[in-house]
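> Sharing a structure below in structure tokens format, with a few things to ask.
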């Protein structure tokens with residue numbers, strides 16, 4: 001019942017927006033190539049369902065691979081920088097600087113360096129995913145109660161036990177906050193990587209339909225991107241509930 005109450009207001013809002021959109025396009029008579037109605041978008045989705053299924057599966061697969069690699073990179077960086085304070089002081093500013101370089105600008109260079117295969121696509125997704133995971137996890141690892149840490153050390157616990165018994169469990173809530181951000185970024189990164197040069201995926205489909213001035217199909221692609229992002233976000237949310245509940 002609680003979940004239904006939370007979902008009802010946004011669901012009603014979405015329905016009202018779609019109804020208003022449909023009414024506007026019907027009354028105003030705006031050209032379909034400029035602003036298609038929700039019905040036009042639905043018809044395009046039904047018409048292209050076979051092609052869209054193939055492209056969606058390709059993007060979903062790339063997203064999951066890239067997201068997993070980005071999360072692994074972010075966690076590894078966070079743990080290493082936490083355990084080696086000198087390295088943190090030296091590397092952390094470089095991580096911040098790396099996020100000021102537009103991904104869309106460096107993406108063509110990745111193609112030159114790594115070719116047109118899977119490697120540059122994965123690197124793009126890793127670049128947009130690792131930072132929120134690394135920062136959130138690093139912040140959580142440094143927020144453990146120093147009094148408990150002192151007690152554990154006086155009780156004979158080693159540095160490894162201090163990390164696994166106190167610092168890592170304490171970092172889980174903030175780590176999952178970073179994972180949620182990375183989950184939405186991962187789909188965005190997958191679309192950008194497919195713009196670089198790919199013969200499949202929703203990003204490739206969007207490029208083709210943009211060239212054909214098919215706004216209705218572009219809206220279908222955008223909807224699929226949103227759904228994929230929500231699914232990855234929901235997956236992270238599910239894992240969070242299972243892991244954090246078990247740790248508690």
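Numbering (UniProt numbering), first residue to last: 1 to 248. Positions of the beta carbon are idealized from the N, C-alpha and C atoms, including for glycine.
Using C-beta distances below 6 Å, list every residue in its chain close to residue 181, excluding the 5 sequence neighbours before and after it, in chain order.
Residue mapping note: residue 181 aligns to position 181 of the chain shown, counting from 1. Excluding positions up to five away in sequence, the list reads 132.
> Does the distance from the CB of residue 221 to the CB of residue 178 come in under 8 Å?
The residue labelled residue 221 in the question sits at position 221 within the chain shown. The residue labelled residue 178 in the question sits at position 178 within the chain shown. In this structure, residue 178 does not lie closer than 8 Å to residue 221 by Cβ.
> Would you call residue 61 buried or exposed, if buried means 16 or more other Cβ atoms sit within 10 Å of its Cβ?
Translated into the one-based positions of the chain shown, residue 61 becomes position 61. Burial state of residue 61 is exposed, judged by a 10 Å Cβ sphere holding fewer than 16 other Cβ atoms.
> If we call anything under 8 Å between Cβ atoms a contact, is residue 110 one with residue 124?
In the chain shown, counting from the first residue as 1, residue 110 sits at position 110. In the chain shown, counting from the first residue as 1, residue 124 sits at position 124. Yes, they are a contact pair.
> So is residue 25 buried or exposed if we call it buried at 16+ other beta carbons inside 10 Å?
Taking the chain shown and counting its residues from 1, one reaches residue 25 at position 25. Buried, since its Cβ has 16 or more Cβ neighbours within 10 Å.
> Report yes or no: do three or more beta-carbon pairs, one from the segment 181-192 and one from the segment 63-70, lie closer than 8 Å?
Yes, the segment 181-192 touches the segment 63-70.
> So, is residue 217 buried or exposed, given that buried needs 16 or more other C-beta atoms within 10 angstroms?
Here residue 217 refers to the residue found at position 217 when the chain shown is read from its first residue. So residue 217 counts as buried.
> Go ahead and pull the three-state DSSP assignment for residue 277.
There is no way to answer for residue 277, as the model of the chain reaches only from 1 to 248.
> According to DSSP, is residue 99 helix, strand or coil?
Counting from 1 along the chain shown, the entry for residue 99 is found at position 99. Residue state, collapsed to three classes: coil.
> By DSSP, does residue 117 sit in helix, in strand, or in coil?
Counting from 1 along the chain shown, the entry for residue 117 is found at position 117. Of the three classes helix, strand and coil, the one that applies to residue 117 here is coil, per DSSP.
> Applying the 10 Å Cβ sphere with the 16-neighbour rule, what's the burial state of residue 151?
Here residue 151 refers to the residue found at position 151 of the chain shown. Burial call: exposed.
> Would you call the segment 36-54 and the segment 12-28 touching, i.e. three or more CB-CB distances under 8 Å?
yes
> Using alpha carbons as the reference points, say which of 30, 75 and 56 lies closest to residue 140.
To locate residue 140, count along the chain shown from 1; it is residue 140. Of 30, 75 and 56, the residue nearest in Cα terms is 75.
> Taking residue 144 and residue 166 to be in contact with their CB atoms under 8 Å, please state how far apart those CB atoms are, rounded to whole angstroms.
Within the chain shown, the letter at position 144 stands for residue 144. Within the chain shown, the letter at position 166 stands for residue 166. With a Cβ gap of about 5 Å, residue 144 and residue 166 count as contacting.
> Within 10 Å of its beta-carbon, does residue 7 have 16 or more other beta-carbons around it, so buried, or fewer, so exposed?
The count along the chain shown starts at 1 and reaches residue 7 at position 7. That one is exposed.
> I need the DSSP call for residue 36, collapsed to helix, strand or coil.
Here residue 36 is taken as the residue at index 36 of the chain shown, counted from 1. Reduced to three states, the DSSP call for residue 36 is coil.
> Would you mind stating whether residue 228 and residue 54 have Cβ atoms separated by less than 8 Å?
Within the chain shown, the letter at position 228 stands for residue 228. Within the chain shown, the letter at position 54 stands for residue 54. No, these two residues do not count as a Cβ contact at 8 Å.
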